[in-house]
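Enquirer:
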Amino acid sequence: MFWRLSHRHRGSQHEDFALAYLKQHGLKLVQRNYAWKGGEIDLIMLDKTTLVFIEVRYRKNTTYGTAAETLTSSKQRKLINTAKHFLLTQAKHNPPCRFDLLAITGQMPDQQTEWVKNIIQLTY
27 MFWRLSHRHR
37 GSQHEDFALA
47 YLKQHGLKLV
57 QRNYAWKGGE
67 IDLIMLDKTT
77 LVFIEVRYRK
87 NTTYGTAAET
97 LTSSKQRKLI
107 NTAKHFLLTQ
117 AKHNPPCRFD
127 LLAITGQMPD
137 QQTEWVKNII
147 QLTY
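Converting from the sequence shown to the working numbering requires adding 26 to each position, the first position being numbered 1.
As structure tokens, then:
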């Protein structure tokens, strides 16, 4: 019998892939799926001494845009606010931070992965 994976389960599979991909590139997991009332961050990892807040985006195809193009300004604001909450409640010190995007397009084995560092530029 054919059945479809739930949206949450498919998202978890893409996050699993993203986590393995980033670990291969030397990052270390701090926390996965950090959530509070203001939003959620898929992966929080360390890149040497930099704390990296990572959004994982997936698109089966590019008919309606790329995975990277789905990171709206509203989603960016939620990521920033959630990162601030994490830093206030979880961080023992104020490490350097950045926001990265891991965009996955297509299906295995032909999927394409794009890692965009510093996707959100904060201005003070």
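Glycine included, C-beta positions come from ideal geometry on N, C-alpha and C.
1) Looking at the strands, I want to know which residues DSSP matches up with T139.
2) By the 10 Å Cβ neighbour count, where 16 or more other Cβ atoms means buried, how is R85 classified, buried or exposed?
3) Would you be able to state if there are at least three C-beta pairs under 8 Å between the region 88 to 105 and the region 64 to 71?
4) How is N144 classed by DSSP in three states: helix, strand or coil?
5) DSSP beta-bridge partners for F125?
6) So N107 is in the alpha helix (DSSP H); what residue range does that whole segment cover?
7) How should A109 be labelled, buried or exposed, when 16 other C-beta atoms within 10 angstroms of its C-beta is the threshold for buried?
8) For V82 and L127, what's the separation of their Cα atoms in angstroms?
9) Measuring only the C-alpha atoms, how far is K74 from Q50?
10) Report buried or exposed for T115, applying the criterion of at least 16 other Cβ atoms within 10 angstroms of its Cβ.
Expert: Walking through what the data contain:
1) Beta-bridge pairing links T139 to I130.
2) buried
3) yes
4) coil
5) F79
6) 99 to 115
7) buried
8) 6 Å
9) 14 Å
10) exposed
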